[in-house]
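Colleague:
Next comes the structure, spelled out in structure tokens:
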């Protein structure tokens, strides 16, 4: 299925194609075994990993609407030690060509470097630091909302590993380009955008929120323009690679992300609805490149013709 024109080299890693599964979509991979062929993907970003186990948000955790879905999972995960001993070994044993990026979360600045250092002897390829998490030491504000805090967090993680560091940013940041600059200056190798947007869905019969937590993160097709704009802004601000995430449902969406400045993309909500969709998108993307005389998908990165 994979062809030479879809290969991508990002942060010193060779990807057989630029299509990844976004954080949480495949959990730690095993959940999609027998449902989808993960070995045809460029990579997967795992479910979150924190220093200690997290029970997550109360049920219900997911609600759908016409434009996508809203979720409040609460970063539920078994903690770094169990992920390291039980979950990540399955990935490395079963994924031969697919890159593995571990999504890292925490409640304090120190947590991110802690998780990274404890995973260093695992056979993974890179880390994605989810700095949209609430910083409990600063009243619950996002780590990425304070450039000084963000720089400290990234620098600590950078000191703990030589593997590539992707920093995942929220679209609600007041100046996402400046935030990306702070992350890169502190040692980030790449930027992932976007994370979900805060939202609320209401059950009109009970007059209560549809999610057990109340509010949640909005994802799905409606976020495509938001993700494209964030990718374009970051591409203008920094020179490191960008992984575009948000609203992808077809090959044309992937091409748009590349034109905006992405070097990789990750699919989330659409893959939850149809786990085999990413495989279809890979085939469609290869066909699109062939039809348009594109010999390497990387030729498209940042080639948006602004009027």
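Residue numbers (this note's numbering): 57 to 363. Built from N, CA and C at the ideal position, the CB exists for glycine as well.
Buried or exposed for residue 249, please, with buried defined as at least 16 other CB atoms from any protein chain shown within 10 angstroms of its CB.
Modeller: buried
Colleague: Between the alpha carbons of residue 172 and residue 267, how many angstroms are there, rounded?
Modeller: 31 Å
Colleague: Less than 8 Å separating the beta-carbons of residue 316 and residue 291?
Modeller: yes
Colleague: Using the beta-carbon count (16 or more within 10 Å), is residue 256 buried or exposed?
Modeller: exposed
Colleague: Below 8 Å between beta carbons: does that hold for residue 273 and residue 128?
Modeller: Yes, Cβ-Cβ distance for residue 273 and residue 128 is below 8 Å.
Colleague: Restricting to Cα atoms, I'd like to know which of 70, 72, 101, 243 is closest to residue 85.
Modeller: The shortest CA-to-CA distance from residue 85 to any of 70, 72, 101, 243 is the one to 101.
Colleague: What is the residue span of the beta strand (DSSP E) that residue 224 lies within?
Modeller: For residue 224, the uninterrupted beta strand (DSSP E) segment begins and ends at 221-224.
Colleague: Buried or exposed: residue 123, going by 16 or more other Cβ atoms within 10 Å of its Cβ?
Modeller: exposed
Colleague: Within the chosen definition, does the stretch 159-178 reach the stretch 225-245 through at least 3 CB pairs nearer than 8 Å?
Modeller: Taking a cut-off of 8 Å for Cβ pairs, the stretch 159-178 and the stretch 225-245 do not touch, as fewer than three such pairs fall below it.
Colleague: In whole angstroms, what separates the C-alpha of residue 147 from that of residue 156?
Modeller: The straight-line gap from Cα to Cα measures roughly 8 Å.
Colleague: Considering only residues of the stretch 268-338, which uninterrupted beta strand (DSSP E) runs meet the minimum length of 3 residues and lie entirely inside it, listed in chain order?
Modeller: 272-275, 298-301, 320-323
Colleague: Touching or not, the stretch 214-221 and the stretch 172-183, by the rule of three or more beta carbon pairs under 8 Å?
Modeller: Contact between the stretch 214-221 and the stretch 172-183 is present, with at least three C-beta pairs closer than 8 Å.
Colleague: What separation, rounded to the nearest whole angstrom, lies between the Cα atoms of residue 99 and residue 304?
Modeller: Distance between the alpha carbons of residue 99 and residue 304 is about 16 Å.
Colleague: Can the beta-carbon of residue 107 be found less than 8 Å from the beta-carbon of residue 162?
Modeller: yes
Colleague: Which residue marks the beginning of the alpha helix (DSSP H) containing residue 132, and which one marks its end?
Modeller: Premise fails: residue 132 is in no alpha helix (DSSP H) and is neither H nor E.
Colleague: Nearest CA to the CA of residue 140: which residue from 325, 158, 151?
Modeller: Cα-wise, what sits closest to residue 140 is 158.
Colleague: Roughly how far, in whole angstroms, is the beta-carbon of residue 200 from the beta-carbon of residue 229, given that I think they are within contact range, below 8 Å?
Modeller: 6 Å
Colleague: Would you report the Cα separation of residue 92 and residue 154, rounded to the nearest angstrom?
Modeller: 13 Å
Colleague: Which runs of the alpha helix (DSSP H), 4 residues or longer, sit entirely within the stretch 92-172?
Modeller: 144-150
Colleague: In the structure shown, what three-state DSSP assignment does residue 209 receive?
Modeller: Residue 209 falls in the helix class under three-state DSSP.
Colleague: Please report how far the alpha carbon of residue 275 lies from the alpha carbon of residue 105, in whole angstroms.
Modeller: Rounded to the nearest angstrom, the two C-alpha atoms are 21 Å apart.
Colleague: How would you label residue 263, buried or exposed, when you count the other beta carbons within 10 angstroms and need 16 or more for buried?
Modeller: Burial call: exposed.
Colleague: May I ask which residues mark the beginning and end of the beta strand (DSSP E) holding residue 70?
Modeller: 69-71
Colleague: Where residue 227 and residue 138 are concerned, what is the direct C-alpha to C-alpha distance, given to the nearest angstrom?
Modeller: 31 Å
Colleague: According to DSSP, simplified to helix, strand and coil, what is residue 197?
Modeller: strand
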